[in-house]
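Everything below concerns the one structure shown next.
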Amino acid sequence: MRLSVIIPVYNERATIREILRQVRAVGLADEIIVVDDGSTDGTREILQEEARNGDIRVIFYERNMGKGAAVRTGIAHATGDILLIQDADLEYDPRDYPQLIRPIQEGRAAVVYGSRFLGPRKAMLFWHMIGNKFLTMVTNLLYDAILSDMETGYKVFRADVIRNIPLRARGFEFEPEITAKVLKRGYRIFEVPISYYGREFKEGKKIRPLRDGLKALWTLIKYRFTD
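Read the sequence shown against the numbering used here and you will find it ends at 1703, with the numbers running on by one and no gaps.
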């Protein structure tokens, strides 16, 4: 099964070369699609250089549209049998790819999430952790699931599953939207432990806990009753 790795990027000049190096080093990606979400810090220029190697495909947005929009574009252009979403920072380790894709390769699952709460992790911010656990609990209550980490950045899909789900999110609400719609369609999400190296806001973390948390909560409630 061919693996497509989708990397949404926004102003990650300090980490983009390294994450691409790590993805390449694992040697499992048959296709690497990078969607630059209107970066203004020099990331675009680095990606133009990296693209000359011929082993990645880069799509550029002229203005910032949000992570969800970038992921949707990556999905639309991916050609693999398995689609894996990889953040452009260094919080998630591509060396976890084998255990992330194995349940799909073996036909045991159609959707796999990497859980930050099941594996070793560098301590995340306390309130960030509380917010994640609260949103995961709401997900489990609304959709009759037993997830430990709904907001994880490592989400892996069999291609035919993700392509048949209409997605509308433009920002970070992509995470609860895709989770809600996957669960509503009867797919049970397989979780595996992953390593996590959380970064702080001074290091470039972009999610805004209160605003994005409220938006995620509304998204979970909304899609419980509509599609």
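Don't be surprised by glycine CBs; every beta carbon is placed ideally from N, CA and C.
Asked	Found
Proximal residues to Asp1569 (C-beta, below 6 angstroms), its chain only, five neighbours per side dropped	Ser1671
Classification of Glu1667 by the beta-carbon crowding that lies within 10 angstroms, buried from 16 upward	buried
Proximity of Gly1590 and Thr1628 at Cβ, strictly below 8 angstroms	yes
Bridge partner(s) assigned by DSSP for Leu1559	Ser1480 and Phe1633
Cβ-Cβ separation, Ile1577 to Leu1560 (assumed contact under 8 angstroms), whole Å	7 angstroms
Reduced DSSP secondary structure (H/G/I, E/B, other) of Asp1625	coil
8 angstroms Cβ cutoff met for Met1626 and Glu1649	no
Presumed contact (8 angstroms Cβ cut-off) between Ile1522 and Ile1483, rounded CB distance	Rounded, the Cβ-Cβ distance is 13 angstroms, inconsistent with contact.
Other residues of its chain near His1553: CB distance less than 6 angstroms, five sequence neighbours each side excluded	Ile1509
Continuous beta strand (DSSP E) assignments of at least 3 residues falling wholly in the region 1493-1554	1507-1512 and 1533-1536
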